[in-house]
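Note that the sequence shown covers residues 944 to 1081 in our numbering. Structure first, commentary second.
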Amino acid sequence: MKTRTKVIIAIGSNRNQEENVLKAHEHLSCMFRNCLFGPRMWTEPIGLENSDKFLNQVMLGETICSKKSVLAALRSVEQRCGRRIRGPYRKVDVPLDLDLLLYGDEKLHESEWERDYIQSSISYLEEKDAKRDRKYLR
C-alpha cells in the first residue's frame, strides 16, 4: 500500500467566482482523499489592477501521487476552467488558480502562508481534521 501524503491547496477565482470555485471543489474531491474544505472568503486582489475580487477557499486532503503529478493535475484543472497560460490578461482574468501550499512536510508559495485568509482557513481545517480523527478512534 502506498503512503498517503498530506496536501493543502489554495483555491482562488476572480471570474465567475462561485461557479469556478464549485468546479474546483468537484475536481479536487475526485483527485484527493479525505478532503476537507475551509470556508469561502472574498478578498481584494493583491498586485492586480482592474481585477474583480477573488473568492478563495483552502482544501486539506491526502494523495498517493508525486508532487510533480499533483502540480500537473492542478494545472490541468485550471486550464479546463479557462485559465490562460499566456497573453495580456493571464494575471488579471483568473477563472481559477490552484496553488499547492503543502506537500507532505514541504511548504510551497511561502508568501501566501502570510495571508490572513490562508492562516485562518488552515487553523479551521486543522481543528476540523483533529475532530474527524477523534471520531474514528471511538
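Cβ coordinates follow ideal geometry from the N, Cα and C atoms, glycine included.
Host beta strand (DSSP E) of residue i (start-end)
i: residue 999; result: 997-1006
i: residue 976; result: 976-980
Range of the contiguous alpha helix (DSSP H) that encloses residue i
i: residue 994; result: Run containing residue 994: none; DSSP gives neither H nor E here.
i: residue 1010; result: 1010-1023
CB contact flag (residue i, residue j, <8 Å)
i: residue 994; j: residue 957; result: yes
i: residue 970; j: residue 1020; result: yes
i: residue 1003; j: residue 1068; result: yes
i: residue 1060; j: residue 986; result: yes
i: residue 982; j: residue 1064; result: yes
i: residue 955; j: residue 1072; result: no
i: residue 1001; j: residue 953; result: yes
i: residue 1007; j: residue 947; result: yes
Those residues which DSSP pairs with residue i across a bridge
i: residue 949; result: 1005
i: residue 955; result: 999, 1040
Practice problem: Would you be able to state if there are at least three C-beta pairs under 8 Å between the region 1050-1058 and the region 962-980? | Solution: no
Exercise. Could you name each continuous beta strand (DSSP E) segment of 3 residues or more that falls completely within the region 1031-1055, going from the start of the chain to the end?
Key: 1040-1046
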